[in-house]
Amino acid sequence: MAKQRKKIYKRKRYVLPTILIVLLIAFRLVLPYIVKNYVNKVLADIPGYYGHVEDIDLSLITGSYTIDHLYLNKVNAGSQIPFLDFEKTDISVEWSSLLKGKVVSEINMTRPTVIYVFEDQQKEGEDDADIDDWTKALTDLVPIDINKLEIHGGKMAFVQLSADPNIDLHLEKIELYATNLRNVVRKEAKLPSNLSADAISIGGGNLHLEGQMDLVKQIPDMDLALSLENANVTALNDFTDHYAGLDFDKGTFNLYSELAIADGYLKGYLKPILKDTKLIGKEDAFLETLWEGFVGFLKFVLKNHKENTLATKVPIEGNLNDVKTKTWPTVTNIFKNAWIKAFKGIVDNDIEFEKVQETAKEKNSKDKKG
């Protein structure tokens with residue numbers, strides 16, 4: 000009798016752990032489907048948008064998961080071109096920060112695509128959302144704060160289908176690295192987060208963006224520098240013909256810019272430079288040729304003939320609720336490039352974050368007194 004009770008006790012001792020293991024395995028098997036259904040519900044509930052994911056893979060050991068093919072588009076979109084199409088997104092705990100006592104995540108995105116179709120985004124519906132709705136929904140899919148972001152092989156595009164021919168302005172082969180976004184390592188740096196990005200533009204131009212940021216603030220502080228070099232200007236003909244009634248036979252387009260934001264105050268410039276350009280095509284209609292001839296005359300008068308460039312520098316300054324470009328400095332800079340000296344094809348490094356910060360403090364102090 001005692002032996003029988005001992006055997007029953009032994010069986011019970013193994014049955015409970017076995018049941019728990021089976022339940023854990025079963026839970027692990029169904030967990031991806033539970034998470035996938037939750038994510039699809041979040042995406043489907045965004046006002047004015049519809050989205051879904053194809054699959055989600057989980058790794059409980061490494062504390063990571065992978066989202067395959069996240070899709071998002073407006074419900075009333077006329078085209079079938081997705082607004083967001085993220086091929087693969089790996090989300091995991093950033094172990095290096097965990098060792099510092101901070102629980103944050105890192106995201107690695109493979110070939111994400113963002114295509115802004117002008118006609119789709121301009122359509123208004125009863126349940127239209129603003130940008131805060133869908134961006135908040137996407138960030139809510141990440142359970143902990145993002146500290147590191149990498150993008151590989153990304154693409155961004157602006158498309159206007161109603162133009163004839165269609166306008167397609169894009170950046171492809173985007174490689175982006177953003178680190179320390181949640182200020183895990185602060186030290187004494189005023190702008191603790193680093194950003195670096197490279198891409199190929201329409202016309203085969205080389206784009207480079209780098210800078211520092213502080214994204215923890217309600218209005219993020221930033222100090223950014225951008226350069227776009229050696230883009231074939233003829234690739235812009237669909238855009239320039241639609242909006243300005245002219246096209247190019249040849250030439251290159253370059254753009255240089257610096258922007259600094261401190262305490263909600265922005266200061267910077269845009270410096271576009273056209274080099275070795277030629278207008279007027281052989282098959283243009285008379286009025287188009289006349290217009291392009293007039294523009295060509297202005298180009299001849301206003302370009303720097305020694306460097307064969309047409310350039311200006313557009314100052315931008317103001318608070319983020321009222322950012323304006325300054326008209327007269329833009330005009331005078333055209334003549335400055337033409338008759339005084341050619342703008343150099345480089346970032347000027349004349350926008351200093353510290354000075355913008357001082358200006359922001361002075362403006363805020365005056366506003367409070369006023």
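Take 0 as the starting number for the sequence shown in numbering that gives the first Met the number 0 and just add one per residue. Positions of the beta carbon are idealized from the N, C-alpha and C atoms, including for glycine.
Taking C-alpha atoms, which residue in the options lies nearest to residue i?
i	options	result
GLU228	PRO219, LEU245 and LEU273	LEU273
GLN217	GLY263, ALA234 and ILE199	GLY263
ASP144	GLU353, LYS40, MET155 and LEU214	LEU214
ASP220	ASN182, SER58 and LYS172	ASN182
GLU171	LEU190, LYS189 and HIS151	HIS151
ASN318	LEU97, THR233, LEU254 and LEU258	LEU258
GLY267	MET212, LEU190 and ILE350	ILE350
PHE82	THR134, PRO31 and PRO271	THR134
GLU149	THR138, TYR32 and GLU174	GLU174
GLY244	PHE352, PRO31 and LEU278	LEU278
ALA76	LYS99, PRO271, VAL103 and ILE114	ILE114
Which residues share a DSSP beta bridge with residue i?
i	result
ASP84	TYR70 and THR112
ASP197	GLU174 and HIS207
ASN107	ASP89 and GLU149
GLN120	None; GLN120 has no bridge partner.
LYS154	THR112
LYS277	LYS249
ASP56	THR65
ASP213	ASP220
Pop quiz: residue i and residue j are said to be a contact at Cβ under 8 Å. What is the actual Cβ separation, rounded to whole angstroms?
i	j	result
SER192	THR178	7 Å
ASN146	LEU180	5 Å
GLN356	ALA261	4 Å
ASP56	PRO164	Not a contact, Cβ separation roughly 41 Å.
Counting only the same chain and skipping the five closest in sequence on each side, list residues whose C-beta sits under 6 Å from that of residue i.
i	result
GLY50	LEU42, TYR70 and LEU71
THR112	ASP84 and LYS154
VAL116	SER78, ILE80 and VAL158
LEU269	SER256 and VAL313
ALA230	SER200, GLY202, GLY204 and PHE252
SER58	none
HIS169	ALA156 and ILE201
GLU379	Coverage of the chain is limited to positions 0 through 369, which leaves residue 379 absent and any answer about it impossible.
HIS207	ASP197 and SER226
ALA136	VAL41 and ILE45
Give me, in chain order, the residues of the same chain whose beta-carbon lies closer than 7 Å to that of residue i; leave out the 5 immediate sequence neighbours on both sides.
i	result
THR61	SER91
SER364	none
LEU140	VAL38 and VAL41
LYS362	TYR264
ASP240	ASP246
LYS281	Caution is warranted here: a pLDDT of 49 is assigned to LYS281, below 50, making its placement in the model unreliable, and the coordinate value is therefore given only provisionally. Excluding positions up to five away in sequence, the list is empty.
ALA234	ILE201 and GLY202
GLY210	LEU194, MET221, ASP222, LEU223 and ALA224
VAL346	ALA224, SER226, TYR255 and GLU257
MET212	LEU190, SER192, LEU194, PRO219, ASP220 and MET221
LYS354	none
Can you give me the Cβ contacts of residue i inside the same chain, cut-off strictly under 8 Å, excluding the 5 residues immediately before and after it?
i	result
LYS87	THR65, ILE66, ASP67, HIS68, MET108, THR109 and ARG110
ALA359	ALA261, ASP262, GLY263 and TYR264
LYS35	VAL52, ASP54 and ILE55
VAL232	GLY202, PHE247, LYS249, GLY250, THR251, PHE252, LEU273 and THR276
Three CB pairs or more closer than 8 Å across the segment 83-91 and the segment 107-120: Yes, the segment 83-91 touches the segment 107-120.
At least three beta-carbon pairs within less than 8 Å, the segment 113-122 to the segment 199-215: With a cut-off of 8 Å, the segment 199-215 and the segment 113-122 do not count as touching, because too few Cβ pairs lie within range.
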